[in-house]
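Participant:
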DNA sequence: CTGTTTATTTTGTGATCACAAAATTGAGAA
DNA sequence: TTCTCAATTTTGTGATCACAAAATAAACAG
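Protein chains in written order, with our numbering: chain A, 2 to 239; chain B, 2 to 239.
(1) Can you list, in chain order, the residues of its chain with a C-beta nearer than 8 angstroms to that of residue 204 (chain A)? Leave out the 5 residues immediately preceding and following it.
(2) Which class does residue 199 (chain A) belong to by DSSP, given the choice of helix, strand or coil?
(3) Select from the stretch 59-70 of chain A all residues with a C-beta closer than 7 angstroms to any C-beta belonging to chain B, and list them in chain order.
(4) At what residues does the alpha helix (DSSP H) containing residue 125 (chain B) begin and finish?
(5) Decide if the stretch 93-100 of chain B is in contact with the stretch 176-183 of chain B; the criterion is three or more beta carbon pairs, one per stretch, under 8 angstroms apart.
(6) Shortest alpha-carbon distance to residue 31 (chain A) belongs to which of A:102, A:50 and A:64?
(7) Run through chain A and tell me which residues come within less than 8 angstroms of residue 103 (chain B), C-beta to C-beta.
(8) Any C-beta of chain A within less than 8 angstroms: which residues of the stretch 95-126 of chain B qualify?
(9) Roughly how many angstroms separate the alpha carbons of residue 102 (chain A) and residue 155 (chain A), rounded to a whole number?
(10) Can you tell me whether residue 53 (chain A) is helix, strand or coil according to DSSP?
(11) Since residue 79 (chain B) meets chain A, which of its residues come closer than 8 angstroms, beta carbon to beta carbon?
(12) Can you name the start and end residues of the alpha helix (DSSP H) that residue 67 (chain B) belongs to?
(13) Is it buried or exposed for residue 68 (chain A), if we count other Cβ within 10 angstroms and need 16 for buried?
(14) How long is the line joining the alpha carbons of residue 104 (chain B) and residue 80 (chain B), rounded to whole angstroms?
(15) At what residues does the alpha helix (DSSP H) containing residue 105 (chain A) begin and finish?
(16) For a cutoff of 8 angstroms on Cβ pairs, would you count residue 171 (chain B) as touching chain A?
(17) Measuring straight from C-alpha to C-alpha, what distance separates residue 176 (chain A) and residue 107 (chain A)?
(18) Given this structure, state the Cα-to-Cα distance separating residue 76 (chain B) from residue 42 (chain B), to the nearest angstrom.
(19) Could you tell me whether the Cβ of residue 162 (chain B) comes closer than 8 angstroms to any Cβ of chain A?
(20) Classify residue 219 (chain A): buried if its beta carbon has 16 or more other beta carbons within 10 angstroms, exposed otherwise.
(21) Using the C-alpha atoms, what's the distance from residue 193 (chain A) back to residue 201 (chain B)?
(22) Spatial neighbours of residue 51 (chain B) within its chain, please: C-beta separation below 7 angstroms, excluding the five flanking residues on both sides.
(23) For my contact list, residue 161 (chain B) and residue 212 (chain B) are in at a C-beta cut-off of 8 angstroms; report their separation, rounded to the angstrom.
(24) Is DSSP giving residue 22 (chain A) helix, strand or coil here?
(25) For residue 91 (chain B), list the residues DSSP reports as bridge partners.
(26) Would DSSP call residue 40 (chain B) helix, strand or coil?
(27) Taking 8 angstroms as the CB-CB cut-off, is residue 74 (chain B) touching chain A?
(28) So, with DSSP's three-state summary, where would you put residue 165 (chain A)?
(29) Determine, using beta carbons only, whether residue 38 (chain B) and residue 72 (chain B) come nearer to each other than 8 angstroms.
(30) Just the chain B side, please: which residues come within less than 7 angstroms of residue 27 (chain A) by C-beta, in chain order?
(31) Taking residue 87 (chain B) as the reference, give the member of B:97, B:142, B:99 and B:54 with the closest Cα.
Now the structure itself:
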């Protein structure tokens, strides 16, 4: 899945004379790498434990190792990637401690975020969320875990983004990057059919402009989605 | 303040033959740059709006621009540095919205963190915290804002670190990196003598193993430290 | 076949380079 | 002076290189 124009790669014609494509805009390559890796993490295409190598990712995306290095450093700072003591980078493994702490943090921050968002949400947003939720239902019954994760993220952050938050929102985004790869492995084990859709009540709360109801719906959604794991055997390995 | 051995810099002897120092260990240079910038931010030596340039920082620390690039990317991902649309990097400016949100996030996360830490804190920790607090008192009366900020960070995170948290702790660290530079400008304006020391009660709560009391003390400390700004004129500029 | 040791490959790290976009400076005209 | 525009410098970006540590593969001895 090359992300850059083919003229960009293998730019080695004459010595000490590197030809470069016009470069659509400043930092476009890094941005594309960043989005590619983020999407891969959020949709579970990067499995916990998976090794992430500079040259590997660079070749896979059709770019030089340079922008990949910077993106990896950024994602490592967000704890979305794990830099081992020997420098190797991998998708973090989940542990029981990490999981329960993420659950706690999500409940704390995402309920707050949804309350903040409430005052800026109107019926137009409710309709959009309804549309997304329909796609979510479809992804659940069809067992398309990747689509489910993408849409579920879209649903939640469509709400949170209305909060106009510049502090809490990035923190929550970091949390999602951390637990998403593990959730994907859970869906692979127990499927997606067991998922309960708590989104209907969230939409209803938004339509009624009831902040408390939205808070409860978000709480229920988080606890349903992640609490399920508690009954399945939390730690993937001891 | 060169951070690397003098043998490392100006390593340009013969063409295409770079001499390198034995390299104490893997990633040591980047780690030193990272700690240097983090300390500068946390102690307020980097003022909001200050431009952070690759070559500038690299030369100041006596390293090549390479490790600086990676560190900056990491700190930008933690919102500790602000990457403008044109690629320039600077210490973030504070706004009223950001400030109140940071305050809210601190109250949410740091109280939780202190409660988690309580069960692992013993009298040895209390004595250490007392020692730190004495130094804090001294820094306040002497008006040494930089020392105060360093010690205050040390005090809080000595507590939080006992929580053995791997999720919430990095989030809070990100918050401190974000508000520290601004706080320094406030201390420069109104001085440090107005600061109220709420740490005594926190230490007392730890000695008594009273989680609720610790929560209250941390809450009071945060609100005292940051609530003061509300009476001084929050936004540095509109 | 098993365990150990050596050779090979992979991989992160620091450094340097070339280039373009952007900011800054400088000169000249009104 | 003040404005405008060209020249210069600064700065981030992508690319490539050299090196060492680490991981893997390959020999080899038992």
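Glycine included, C-beta positions come from ideal geometry on N, C-alpha and C. As the structure is a computational prediction, the values presented were derived from the model and not from experiment.
Facilitator: Once the coordinates are examined:
(1) 127, 130, 131 and 134
(2) coil
(3) 70
(4) 124-142
(5) yes
(6) A:64
(7) 168
(8) 98, 99, 102, 103, 105, 106, 109, 110 and 113
(9) 23 angstroms
(10) strand
(11) 78 and 79
(12) 66-78
(13) buried
(14) 16 angstroms
(15) 97-119
(16) yes
(17) 7 angstroms
(18) 10 angstroms
(19) no
(20) buried
(21) 51 angstroms
(22) 91 and 92
(23) The Cβ separation is near 14 angstroms, so there is no contact.
(24) With a pLDDT of 47 at residue 22 (chain A), under the threshold of 50, the modelled position of that residue is not reliable, and the figure given next carries that caveat. DSSP places residue 22 (chain A) in coil when its eight states are reduced to three.
(25) B:52 and B:83
(26) helix
(27) yes
(28) coil
(29) yes
(30) 87 and 88
(31) B:54
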